[in-house]
Amino acid sequence: VPQENIRNFSIIAHIDHGKSTLADRIIQECGAVSDRQMSAQVMDTMDIEKERGITIKAQSVRLDYIKDGEHYILNLIDTPGHVDFSYEVSRSLASCEGALLIVDAAQGVEAQTIANVYIAIENDLELLPVVNKIDLPAADPDRVLSELEEAIGIDATEHALVSAKTGQGVPELIDMIVERIPAPKGDINAPTKALIYDSWFDNYLGALALVRVFEGKIEKGQKIKIMGTKEEHQVLDLMYPNPIKPVKTNEISTGEVGLVVTGLKTVEALQVGDTITDAKNPTAEAIGGFEPAKPFVFAGIYPIETDKFEDLRDALNKLKLNDSSLSFEPESSMALGSGFRTGFLGMLHMEVIKERLEREFNLELIATAPTVVYKVKKTDGEEIEIQNPSELPEPQKIDTIYEPYVKATILTPQEYVGNLIKLLNDRRGIQIKMDYLNETRVLMEYDIPMNEIVMDFYDKLKSTTKGYASFDYEPIGFRPGNLVKLDIRVAGEVVDSLSIIVPEDKARTRGLAFVGQLKELIPRQLFEVAIQASIGNNVIARSNVKSMGKNVTAKCYGGDITRKRKLLEKQKAGKKRMKAIGKVQVPQEAFMAVLKLD
Ligand code: GTP
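Here full-length UniProt numbering = 1-based position in the sequence shown + 4.
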């Protein structure tokens, strides 16, 4: 197939607007899979993805399409659906010439739609507006199209109206892809230049890179060079991507996408965003925009049973084989013993990793509250990065603390604007933009410290707006902040893994709230336990967990035996997630309590 008959495109959409369903429809329409194979959605492959309905690893599929006797190749490049993976989204989009911009006909434009469109525009993509779910009674395509023009300022005159569910409008949409999305450019005779836009580890094939070739070609047997890591490897095999059955090929040429099989034992050498070239005849310059995966959020992960430390290390190493964005280093905590300081791309990434460690490796873990990375300029001029609040130097040694900010995009029905402004102000947000898309919906943009988002912002946003607001964010760098370290003492001892970094003017309220939460969460012990919040030696809040009577079940006397047994069972189950700090039993929830301080 000649280069001018290739079309590379992605689908961008807010969650639940129908990306996977439409992808499946397009695949089916091109006859790439049978109906029986379609019974399971093919684009989402991992179990956790299926359960949570999110796409973690981008998959792609190469489709053949015949129009007016002409043979076209359509490469549908899937993008991860969550903000944690925004860098991977940007690399997937960089591999395309166009994108279908899907909007739910009943819901309208949402935050994630806009955030993804910004990335698509940065990558110069041709955007095809697609209004999906037109079969719904509440569908209002005209409203959606005018929102697209208002919110994003794109020309939506030429658009597609489809139902991914019934298939209506999908053949026309495919024609539109062929007509409107430009063919890939690039010199097939130039030295190899290909972008790694995804990579993963396959148990049979080893590390795989999913690439888009921009110049020249990749051939089976070729000695390639990875420009970022400067490593050289041999191409063992090449395949055209298909989530069910990849098709072997001897070369992947300019404009095409394909899977490169290297036989490597880990994906670390095949980082997303890196450039592949020929080892002997390299291209002059790598493809721009390569950033090694950088964790934004850190948490301590500790085995509940101390002798499981090595098992945890093995498990993390196994997960790392397939996820170069995961980072971890041993750390020890006075309170929790030996564990790992683990870096994640974001909150969802953290949840997924923790869940996999517990589920696939059968580990019982305590995770400390996630923290963002702080940069600290010390009075002696040294600059350090803090991944754990307890590492913050003494106040007199600190010149400036810098904290990461994000640009938050929020779309909300107009009646919640007042509440949202209040929430965003409480969270130290700075308003950048507020636009009415129409009489009922408002687009808000804020710069906000990432730390404030880590602290259960999403749940608050949802409850403040009865679930109607949508939210997305993008990191925008570090800014100075007036911050202090708040320590928690339990029975007089500072519990290092409960320390947090807070804005100075909120230290007192957050200290009080934290102590209040801990008082509720720490079960009564045989003795009274003092809980204090302090800045340095200065105690700013305190409370006591009263001691309990000798017999916990005593209060059930007179009650029936099943109630008594239930209580005992509840205590037993609770115990599993307890960690002894000195003589005090502290439950897992206490380590997360800091996330809910207002
Ligand atoms: P994520 O993969 O979770 O980001 O979501 P998505 O955007 O891929 O959405 P998905 O394809 O999973 O669709 C979300 C829901 O909308 C599912 O319940 C689909 O069955 C439904 N849906 C998708 N397209 C249509 C449509 O055209 N009409 C109707 N009525 N429902 C649809």
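The C-beta atom is built at its ideal place from N, Cα and C for all residues, glycine as well.
Looking only at its own chain, which residues have a Cβ that is under 7 Å from the Cβ of residue i, when we skip the five neighbours before and after it?
{"i": "Val93", "result": "Thr83, Pro84, Asn120 and Ile123"}
{"i": "Arg40", "result": "Low confidence applies to Arg40: its pLDDT is 48, below 50, so where it sits in the model is not reliable, and the reading given next is rough at best. Here the set comprises nothing."}
{"i": "Glu593", "result": "Leu525"}
{"i": "Leu140", "result": "Ala109 and Ala110"}
{"i": "residue 603", "result": "This structure does not reach residue 603, given that the chain is present from 5 up to 602, and the question cannot be answered."}
{"i": "Leu369", "result": "Ile305, Tyr306, Pro307, Ile308, Lys358, Leu361 and Glu362"}
{"i": "Lys284", "result": "Lys227"}
{"i": "Ser64", "result": "Asn79, Leu80, Ile81, Asp82, Leu214, Pro245 and Val261"}
{"i": "Ile156", "result": "Ile118 and Val121"}
{"i": "Glu33", "result": "Val174, Pro175 and Ile178"}
Say yes only if the C-beta of residue i is nearer than 8 Å to one or more non-hydrogen atoms of ligand 3, and no if none qualify.
{"i": "Ser94", "result": "In terms of ligand content, the structure shown lacks ligand 3 and carries ligand 1 instead."}
Could you round the C-beta distance between residue i and residue j to whole angstroms and report it? I think they count as a contact, below 8 Å.
{"i": "Gln115", "j": "Asn136", "result": "This sequence places Ala at residue 115; Gln is not what is there. No, Ala115 and Asn136 are not in contact; Cβ-Cβ is about 17 Å, not under 8 Å."}
{"i": "Phe332", "j": "Leu320", "result": "5 Å"}
{"i": "Leu104", "j": "Arg11", "result": "Actually they do not touch by this definition, with Cβ atoms about 11 Å apart."}
{"i": "Thr258", "j": "Gly343", "result": "Actually they are not in contact, since the Cβ atoms of Thr258 and Gly343 sit about 48 Å apart, beyond 8 Å."}
{"i": "Ile30", "j": "Val174", "result": "7 Å"}
{"i": "Ile106", "j": "Ser14", "result": "Ile106 to Ser14, Cβ: 11 Å. No contact."}
{"i": "Ala290", "j": "Leu599", "result": "No, Ala290 and Leu599 are not in contact; Cβ-Cβ is about 40 Å, not under 8 Å."}
{"i": "Pro399", "j": "Gly485", "result": "The pair is not a contact, with the Cβ atoms about 14 Å apart (cut-off 8 Å)."}
{"i": "Leu427", "j": "Lys464", "result": "6 Å"}
Pull up the distance between the alpha-carbon of residue i and that of residue j, whole angstroms please.
{"i": "Ala534", "j": "Ser547", "result": "6 Å"}
{"i": "Met180", "j": "Ser329", "result": "37 Å"}
{"i": "Pro286", "j": "Lys229", "result": "8 Å"}
{"i": "Gly262", "j": "Ala164", "result": "28 Å"}
{"i": "Val421", "j": "Lys437", "result": "13 Å"}
{"i": "Thr233", "j": "Asn442", "result": "49 Å"}
{"i": "Ser551", "j": "Leu415", "result": "48 Å"}
{"i": "Arg56", "j": "Phe205", "result": "Because Arg56 carries a pLDDT of 44, less than 50, the predicted location of this residue cannot be relied on, and the following value inherits that uncertainty. Taking the straight line from one Cα to the other gives about 22 Å."}
{"i": "Ala288", "j": "Lys227", "result": "17 Å"}
{"i": "Leu149", "j": "Ala160", "result": "6 Å"}
{"i": "Phe348", "j": "Asn9", "result": "40 Å"}
{"i": "Tyr440", "j": "Ala98", "result": "31 Å"}
{"i": "Pro479", "j": "Lys411", "result": "6 Å"}
{"i": "Leu129", "j": "Gly102", "result": "5 Å"}
{"i": "Ala597", "j": "Pro299", "result": "23 Å"}
{"i": "Gln172", "j": "Leu26", "result": "11 Å"}
Quickly, what does DSSP pair residue i with across the bridge? List them, please.
{"i": "Leu67", "result": "Leu78"}
{"i": "Leu132", "result": "Leu104"}
{"i": "Gln238", "result": "Lys227"}
{"i": "Gln536", "result": "Arg493 and Arg546"}
{"i": "Ala290", "result": "Answer is none; Ala290 lacks a bridge partner."}
{"i": "Gln589", "result": "Ala584"}
{"i": "Gly262", "result": "Val215"}
{"i": "Leu487", "result": "Pro507"}
{"i": "residue 619", "result": "Here the chain comprises residues numbered 5 to 602, so residue 619 is not present and cannot be evaluated."}
{"i": "Ser14", "result": "Ile81 and Ala103"}
{"i": "Gln400", "result": "For Gln400, which the question treats as bridged, DSSP gives no partner whatsoever."}
{"i": "Met448", "result": "Ile414 and Met438"}
{"i": "Phe482", "result": "Pro408"}
{"i": "Asp206", "result": "Gly210"}
{"i": "Thr375", "result": "Phe302"}
{"i": "Lys221", "result": "Ser257"}
Ignore the nearest five residues each way along the sequence and tell me which others in residue i's own chain have a CB closer than 6 Å to its CB.
{"i": "Glu383", "result": "Looking at the sequence provided, one finds Thr at residue 383 rather than Glu. Here the set comprises Lys401 and Asp403."}
{"i": "Asp327", "result": "none"}
{"i": "Lys580", "result": "Confidence at Lys580 is low in this model, with a pLDDT of 49, below 50, so the placement of that residue is unreliable and no value is reported for it."}
{"i": "Lys324", "result": "Leu330"}
{"i": "Met351", "result": "none"}
{"i": "Glu387", "result": "Lys381"}
{"i": "Lys252", "result": "Met243"}
{"i": "Thr413", "result": "Ala115, Ile118, Ala119, Glu449 and Asp476"}
{"i": "Leu502", "result": "Ile492"}
{"i": "Ser394", "result": "Asp500 and Ser503"}
Just to confirm my understanding: we take residue i, look at its own chain, exclude 5 residues before and 5 after, and list those with CB closer than 8 Å. What are they?
{"i": "Glu364", "result": "Ala319"}
{"i": "Lys466", "result": "Ala473"}
{"i": "Thr487", "result": "The sequence as given places Leu at residue 487; Thr does not occur at that position. So the qualifying residues of the chain are Tyr378, Ile405, Glu407, Ile505, Val506, Pro507 and Glu508."}
{"i": "Phe482", "result": "Lys379, Tyr406, Glu407, Pro408 and Tyr409"}
{"i": "Val265", "result": "Leu209, Gly210, Leu212, Val239, Leu240, Asp241, Leu242 and Met243"}
{"i": "residue 603", "result": "Outside the shown range of the chain (5 to 602) lies residue 603, about which nothing can therefore be said."}
{"i": "Val182", "result": "Arg11, Tyr69, Lys71, Tyr76 and Leu78"}
{"i": "Leu268", "result": "Gly210, Ala211, His237 and Leu274"}
Counting Cβ pairs closer than 8 Å, one from the segment 183–191 and one from the segment 273–290, do we hit at least three?
They do not touch, by the three-pair rule.
Are the segment 216–233 and the segment 197–205 touching by the rule of at least three beta carbon pairs closer than 8 Å?
yes
Any contact of the segment 535–546 with the segment 490–499, i.e. 3+ C-beta pairs under 8 Å?
Contact holds: three or more Cβ-Cβ distances are below 8 Å.
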